[in-house]
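Numbering (my numbering), first residue to last: 4 to 315.
Heads up, the beta-carbon is just placed ideally off N, CA and C, and yes, glycines get one too.
Bear in mind the structure is a predicted one, so any value in this text is a computation, not a measurement.
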Ligand SMILES: *[C@@H]1O[C@H](CO)[C@@H](O)[C@H](O)[C@H]1NC(C)=O
């Protein structure tokens with residue numbers, strides 16, 4: 004009996020199956036004839052009958068033991084191509100290629116790159132333009148009482164006077180008899196001499212018309228010329244302004260050089276003036292001489308004002 008084997012592997016040959024069932028009863032034999040005696044006679048063995056027909060197929064035998072491995076088969080056909088592998092690592096950048104072409108066509112604009120990191124903080128910019136003036140603030144609280152201010156002197160002194168007679172004499176102070184201002188009477192207009200009432204800073208100015216003659220004139224302090232001026236142009240003006248420090252009782256006047264250079268002029272339409280004033284006393288204390296009249300030029304303590312020299 005055959006045993007059906009699995010198609011893929013050829014195992015070992017299985018065991019012999021069980022005996023099949025007995026075949027069917029054969030045909031009835033020929034009627035016998037009695038023997039000449041009834042003695043039991045054992046005849047010879049009959050000829051063996053023909054084999055009976057084949058029995059029906061038996062049940063499948065039990066599975067045989069696994070067969071031995073078959074011999075190695077022939078090399079199979081080449082398989083189908085495998086799936087593509089994963090992408091490899093990025094290779095190193097190649098050398099820059101040499102290009103001999105010129106004037107190539109511009110390529111297409113690349114895609115916009117990723118936004119970079121924030122840059123470092125820049126240097127401080129220049130100072131901006133000053134802004135507009137702000138609104139006026141509210142009035143603040145009243146401040147503390149301040150320190151006492153500088154003293155104010157009670158003494159005042161100023162004068163201004165005009166020449167009345169042209170071409171003054173040269174050997175004495177020039178008188179300015181037309182007085183414009185001399186409230187403190189510190190200027191003796193008839194003699195043309197100003198007497199400082201206190202130690203302090205004084206301002207003197209003059210403006211002299213010049214006509215027909217040269218004018219050489221000086222401003223004198225206590226018989227010495229502080230400065231001199233010369234004006235040679237006819238119908239010109241000679242003027243000056245100075246600041247002097249004087250001590251109390253110092254004397255200041257105007258004097259011309261000589262009779263050839265005394266061109267100081269005056270008439271109805273032309274004026275020559277001499278002025279001065281106390282700008283700032285050295286101290287706010289009153290002078291010790293309360294009565295300025297004691298400083299009168301008639302006082303015998305004062306020198307003679309005639310025959311004065313131009314260059315003492
Ligand atoms: C004026 O100045 C003189 C000289 O410096 C000084 O001797 C005199 O005391 C001063 N007079 C006054 C009133 O300050």
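Self-check item: Whole-Å CB distance - residue 264 paired with residue 311, under 8 Å assumed
Solution: As a first step, residue 264 is located in the chain shown; it is residue number 261 there, counting from the start. As a first step, residue 311 is located in the chain shown; it is residue number 308 there, counting from the start. The pair is not a contact, with the Cβ atoms about 15 Å apart (cut-off 8 Å).
Exercise. Decide if residue 249 is buried, meaning its Cβ has at least 16 other Cβ atoms within 10 Å, or exposed.
Key: Within the chain shown, the letter at position 246 stands for residue 249. Residue 249 should be labelled buried.
Exercise. Tell me whether residue 250 counts as near ligand 1, meaning its Cβ is closer than 7 Å to at least one heavy atom of that ligand.
Key: Translated into positions along the chain shown, residue 250 becomes position 247. At least one heavy atom of ligand 1 is nearer than 7 Å to the Cβ of residue 250, so yes.
Practice problem: Say whether the stretch 220 to 240 touches the stretch 122 to 141, bearing in mind that this needs 3 or more beta-carbon pairs closer than 8 Å, one atom from each stretch. | Solution: no
Practice problem: Could you tell me how far apart the beta carbons of residue 184 and residue 163 are, in whole angstroms, since I believe they sit closer than 8 Å? | Solution: Locating residue 184 in the chain shown gives position 181, where the first residue counts as 1. Locating residue 163 in the chain shown gives position 160, where the first residue counts as 1. About 5 Å; that satisfies the 8 Å criterion.
Practice problem: Spatial neighbours of residue 289 within its chain, please: CB distance less than 7 Å, with the 5 preceding and 5 following residues excluded, ordered by chain position. | Solution: Locating residue 289 in the chain shown gives position 286, counting from the first residue. Hits under 7 Å: 157, 158.
Self-check item: Residue nearest to residue 213 in terms of C-alpha spacing, selected from 173, 169, 72
Solution: As a position in the chain shown, residue 213 is number 210, starting the count at 1. If we check each option's Cα against that of residue 213, 169 comes out closest.
Practice problem: Determine the DSSP secondary structure at residue 313, reduced to helix, strand or coil. | Solution: Taking the first residue of the chain shown as position 1, residue 313 is located at position 310. In the structure shown, residue 313 sits in coil (DSSP, three-state: anything other than H, G, I, E or B).
Quiz prompt | Local Cβ density within 10 Å of residue 257, reported as buried at 16 or more and exposed below that | solution = Mapped onto the chain shown, residue 257 falls at position 254. The residue is buried, with at least 16 neighbouring Cβ atoms inside 10 Å.
Practice problem: Using only alpha-carbon positions, find the residue among 49, 195, 177 that is nearest to residue 32. | Solution: Locating residue 32 in the chain shown gives position 29, counting from the first residue. Comparing Cα positions, the closest option is 49.
Exercise. Starting from the C-beta of residue 281, find all residues in its chain whose C-beta is less than 6 Å away, skip the five residues before and the five after it, and write them out in chain order.
Key: Locating residue 281 in the chain shown gives position 278, where the first residue counts as 1. Correct list, in chain order: 160, 203, 205.
Quiz prompt | Expected contact under 8 Å - CB spacing of residue 221 and residue 255 to nearest Å | solution = Within the chain shown, the letter at position 218 stands for residue 221. Within the chain shown, the letter at position 252 stands for residue 255. 11 Å between Cβ atoms; not a contact.
Self-check item: Rounded C-alpha distance that separates residue 239 from residue 210
Solution: Along the chain shown, read from residue 1 onward, the residue named residue 239 stands at position 236. Along the chain shown, read from residue 1 onward, the residue named residue 210 stands at position 207. Each residue's Cα considered, the two are about 10 Å apart.
Practice problem: Rounded to whole angstroms, what's the CA-CA distance from residue 62 to residue 18? Just pull it up for me. | Solution: Taking the first residue of the chain shown as 1, we reach residue 62 at position 59. Taking the first residue of the chain shown as 1, we reach residue 18 at position 15. Whole-angstrom Cα-Cα distance: 14 Å.
Self-check item: Reduced DSSP category for residue 185 - H, G, I as helix; E, B as strand; rest coil
Solution: As a position in the chain shown, residue 185 is number 182, starting the count at 1. Note: residue 185 maps to coil in three-state DSSP.
Quiz item: On the premise that residue 23 lies in contact with residue 58, defined as a C-beta separation below 8 Å, what is that separation, rounded to the nearest angstrom?
Solution: As a first step, residue 58 is located in the chain shown; it is residue number 55 there, counting from the start. As a first step, residue 23 is located in the chain shown; it is residue number 20 there, counting from the start. About 4 Å separates the two Cβ atoms, so the contact holds.
Quiz item: Between residue 236 and the rest of its own chain, which residues show a CB-CB distance below 8 Å, the 5 nearest in sequence each way excluded?
Solution: For the purposes of this step, residue 236 is taken as residue 233 along the chain shown, with counting starting at 1. Taken in chain order, the residues that qualify are 213.
Quiz item: So what does DSSP say about residue 244, is it helix, strand or coil?
Solution: The count along the chain shown starts at 1 and reaches residue 244 at position 241. Of the three classes helix, strand and coil, the one that applies to residue 244 here is strand, per DSSP.
Quiz item: Grouping DSSP H, G and I as helix and E and B as strand, with all else coil, what is residue 145?
Solution: Locating residue 145 in the chain shown gives position 142, counting from the first residue. Residue state, collapsed to three classes: coil.
Quiz item: Does the distance from the CB of residue 192 to the CB of residue 177 come in under 8 Å?
Solution: Residue 192 sits at position 189 when you count from the first residue of the chain shown. Residue 177 sits at position 174 when you count from the first residue of the chain shown. No. Outside cutoff.
Exercise. Please state if the CB of residue 261 and the CB of residue 313 are separated by a distance shorter than 8 Å.
Key: One-based indexing of the chain shown puts residue 313 at position 310. One-based indexing of the chain shown puts residue 261 at position 258. The answer is yes: Cβ separation under 8 Å.
Self-check item: Residue from 45, 34, 53 with nearest C-alpha to residue 26
Solution: For this step, residue 26 is matched to residue 23 along the chain shown. With distances taken between Cα atoms, residue 26 lies closest to 53.
Exercise. Alpha carbon to alpha carbon, how far is residue 34 from residue 55? Give it in angstroms, no decimals.
Key: On the chain shown, residue 55 is found 52 positions in, with the first residue counted as 1. On the chain shown, residue 34 is found 31 positions in, with the first residue counted as 1. Distance between the alpha carbons of residue 55 and residue 34 is about 21 Å.
Self-check item: Residue from 51, 78, 276 whose Cα sits closest to the Cα of residue 180
Solution: Translated into the one-based positions of the chain shown, residue 180 becomes position 177. Nearest C-alpha to residue 180: 276.
Exercise. Return the CA-CA distance between residue 130 and residue 124, expressed in angstroms with no decimal places.
Key: Your numbering for residue 130 matches position 127 in the chain shown. Your numbering for residue 124 matches position 121 in the chain shown. Going from the Cα of residue 130 to the Cα of residue 124 covers about 17 Å.
Self-check item: Whole-angstrom distance between residue 78 and residue 84, CA atom to CA atom
Solution: The residue labelled residue 84 in the question sits at position 81 within the chain shown. The residue labelled residue 78 in the question sits at position 75 within the chain shown. Approximately 17 Å between the Cα atoms of the pair.
Self-check item: Rounded straight-line distance, which links the Cα of residue 306 to that of residue 188
Solution: On the chain shown, residue 188 is found 185 positions in, with the first residue counted as 1. On the chain shown, residue 306 is found 303 positions in, with the first residue counted as 1. If I take the Cα positions, the gap works out to 20 Å.
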